[in-house]
Amino acid sequence: MNAKPLFGYESHIDPRTVHAQTMVVTLGSFADAGHAQRLLNDHLLNVLSNHLLGQFDADQVISYREQRPTILFNSDHFSQYRTPSLALHEVRDADNVRFLLLVGPEPGLQWERMAAAIADIVDRHDVQRTVIAGSMPMPAPHTRPVIVSRWASRSDLLPGNKPLFGTMLMSAAFPLMLATRLAEDGHDVIGLTAHVPHYLGDTDCPDAAIALVDGLKDVAGLRIPTIQLALAAGVVRAQLGHQIEQSEELGEHVQKLEQAYDEFHRQRELAAAEESLPSADEIGDAAEEFLKTLGTPPEEPPGGTTDEPGAASA
């Protein structure tokens, strides 16, 4: 095994001074649908105060044949080779609350060592919750709110959560394996997955990044402004609207997605309403208690009761 550490702090960083309740992880997964992770990372690092704490050794964990870095060819020479970066940042939200942000491509090698190194970071900086944010392509229309499905290492971390999926066997991605290892060590993990319209899977979907920001507020209390993302989302929606006007086929496809989306949520609301109704046993118990109160004699007033008016003066 390679004895070289996977993670190293910047020379000017004293890890003992860094403490944060939340760590947000946006390491890539199967696909960054709608570029939601990249948009979220860029937004957090561009609009919030932050600084670099350290980096993982990409040469040890990245499979370059599977995740080829970019390089620029200009006429007769190559330049601007972009070395992959898996970096840990300390960020402050709009209320000056500190949190950690771990960004980068999905590790292709040494998953167990990588997960152990991240668990060590969680322990060292007193992280109370790790939030893993990502996205997935889904048959959803861009004209409806982006759904964010949630999962957690413990169900009580998500009170009132209504899971969208049942049980399924799937290929693992590193963030999912990381969540499992952290949970095994007793750490709290919450996952946020934005459902991106499938036809936007390979292009920017700022609405998905906004949905993830909203999710971070709900599960971690982080307050992050979204004005820039909202402006970008408006531009994307306007462009899509123009394309739909030019394509009857695309318009019909979006309309079908809208109908399916609305029906799905209608059924979920009906199911939730039925769950909130009392059961037959509960109704029976309540009725029995009510009938018992009808058979209880009224309390006697002071001095006793009388059957006829004026009896007391007779």
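Per this note's numbering, the very first residue in the sequence shown carries number 8; after that it's consecutive.
Beta carbons are placed, not taken as given, at the ideal position from N, Cα and C, and that holds for glycine.
Helix, strand or coil, according to DSSP, for Pro22 in the structure here? The sequence position of residue 22 within the sequence shown is 15, counting from 1. The answer is helix: DSSP assigns Pro22 an H, G or I state.
Report the three-state DSSP secondary structure of His249 (helix, strand or coil). Within the sequence shown, the letter at position 242 stands for residue 249. In this structure, His249 counts as helix in the three-state DSSP scheme.
If distances are taken between C-alpha atoms only, which option among Val54, Ala245 and Pro114 comes closest to Ile69? Within the sequence shown, numbered from 1, the residue matching residue 69 stands at position 62. Considering only alpha carbons, the answer is Pro114.
Measuring alpha carbon to alpha carbon, tell me which of Arg161, Ile139 and His149 ends up nearest Asp269. Taking the sequence shown and counting its residues from 1, one reaches residue 269 at position 262. Sorting Arg161, Ile139 and His149 by C-alpha distance to the C-alpha of Asp269 places His149 at the top.
Tell me whether the beta-carbon of Glu17 lies closer than 8 Å to the beta-carbon of Leu60. Residue 17 sits at position 10 when you count from the first residue of the sequence shown. Residue 60 sits at position 53 when you count from the first residue of the sequence shown. Yes.
Local conformation of Ser162 per DSSP, three classes: Along the sequence shown, one-based indexing puts residue 162 at 155. It is helical.
Coil, strand or helix - Pro170 by DSSP: For the purposes of this step, residue 170 is taken as the residue at position 163 of the sequence shown. The three-state reading of DSSP puts Pro170 in coil, since its state is none of H, G, I, E or B.
Quickly, what does DSSP pair Val226 with across the bridge? List them, please. Locating residue 226 in the sequence shown gives position 219, counting from the first residue. DSSP, once it has assigned bridges, lists no residue as partnering Val226.
Nearest-angstrom Cα separation, counted from Gln250 out to Leu257: Within the sequence shown, numbered from 1, the residue matching residue 257 stands at position 250. Within the sequence shown, numbered from 1, the residue matching residue 250 stands at position 243. For Leu257 and Gln250, the distance between alpha carbons rounds to 8 Å.
What is the C-beta distance between Leu79 and Leu95, in whole angstroms, given that I count them as a contact (C-beta under 8 Å)? Along the sequence shown, one-based indexing puts residue 79 at 72. Along the sequence shown, one-based indexing puts residue 95 at 88. Taking 8 Å as the upper bound for CB-CB distance, Leu79 and Leu95 are not in contact here, some 28 Å apart.
Beta strand (DSSP E) segment containing Asn81, residue limits: Counted from its first residue, the sequence shown places residue 81 at position 74. Looking at the DSSP string, the run of the beta strand (DSSP E) that includes Asn81 is Leu79 to Asn81.
Which residues in the same chain have their Cβ closer than 8 Å to the Cβ of Leu171, if we skip the five residues on either side of it in sequence? Translated into the one-based positions of the sequence shown, residue 171 becomes position 164. Same-chain partners within the cutoff: Ile154 and Ser156.
What does a CB cutoff of less than 6 Å around Pro76 pick up in its chain, not counting 5 residues either side in sequence? Translated into positions along the sequence shown, residue 76 becomes position 69. If we look at Pro76 and ignore the five residues flanking it on each side, its Cβ neighbours are Arg89 and Pro91.
Own chain residues within Cβ distance below 7 Å of Tyr71, not counting five before or after: Start at 1 with the first residue of the sequence shown, and residue 71 comes out as number 64. Cβ neighbours of Tyr71 beyond the five flanking positions: none.
Please classify Gly61: does DSSP put it in a helix, a strand, or coil? Counting from 1 along the sequence shown, the entry for residue 61 is found at position 54. Secondary structure at Gly61: strand, using DSSP grouped into helix, strand and coil.
Determine the contact status of Phe106 and Leu229, defining contact as a CB-CB distance below 8 Å. By one-based count along the sequence shown, residue 106 stands at place 99. By one-based count along the sequence shown, residue 229 stands at place 222. Taking 8 Å as the Cβ cut-off, Phe106 and Leu229 qualify as a contacting pair.
Comparing alpha-carbon positions, which option in Ile125, Pro152 and Leu176 lies nearest His272? Within the sequence shown, residue 272 is the residue found at index 265, counting from 1. Of Ile125, Pro152 and Leu176, the residue nearest in Cα terms is Pro152.
Residues near Met121 in its chain [Cβ-Cβ closer than 8 Å; skip 5 each side]: Translated into positions along the sequence shown, residue 121 becomes position 114. Closer than 8 Å at the Cβ level, and outside the excluded window around Met121, lie Leu13, Phe63, Val68, Pro114, Phe181 and Leu185.
Ala6 versus Glu191 - alpha carbon distance: The structure shown does not extend to residue 6, since the chain is modelled only from 8 to 321, so the question has no answer here.
State the DSSP-derived secondary structure class of Arg105, mapped to helix, strand or coil. What you label residue 105 is simply residue 98 of the sequence shown in a count that begins at 1. DSSP, read as helix, strand or coil, puts Arg105 in strand.
Ile139 - DSSP class collapsed to helix/strand/coil: Looking up residue 139 in the sequence shown gives position 132. It is a strand residue.
Enclosing alpha helix (DSSP H) for Asp127 [first to last residue]: Counting from 1 along the sequence shown, the entry for residue 127 is found at position 120. Element bounds for Asp127: Trp118 to Arg131.
Return the chain-ordered list of same chain residues with a C-beta closer than 8 Å to the C-beta of Ala261, the five sequence neighbours on each side being excluded. Taking the first residue of the sequence shown as position 1, residue 261 is located at position 254. The question names Ala, yet the displayed sequence has Val at residue 261. Here the set comprises Pro148, His149, Thr150 and Ile251.
For Ala123, is the classification buried or exposed, using 16 other Cβ atoms within 10 angstroms of its Cβ as the cut-off for buried? Against the sequence shown, residue 123 aligns to sequence position 116. Around the beta carbon of Ala123, fewer than 16 other beta carbons sit within 10 angstroms, so the residue counts as exposed.
Same chain, Cβ closer than 7 Å to Asp133, five either side skipped, listed in chain order: The sequence position of residue 133 within the sequence shown is 126, counting from 1. Same-chain partners within the cutoff: His26.
Since Glu264 contacts Pro166 with CB under 8 Å, what's their CB separation in whole angstroms? By one-based count along the sequence shown, residue 264 stands at place 257. By one-based count along the sequence shown, residue 166 stands at place 159. This sequence places Leu at residue 264; Glu is not what is there. Distance from Leu264 to Pro166 at the Cβ level is roughly 31 Å; contact not present, criterion being Cβ atoms closer than 8 Å.
Closest to His276 by C-alpha separation, out of Ala245, Lys169, Leu47 and Val98, would be which residue? As a position in the sequence shown, residue 276 is number 269, starting the count at 1. Going by the sequence as given, residue 276 is Glu instead of His. Out of Ala245, Lys169, Leu47 and Val98, Lys169 has the C-alpha closest to the C-alpha of Glu276.
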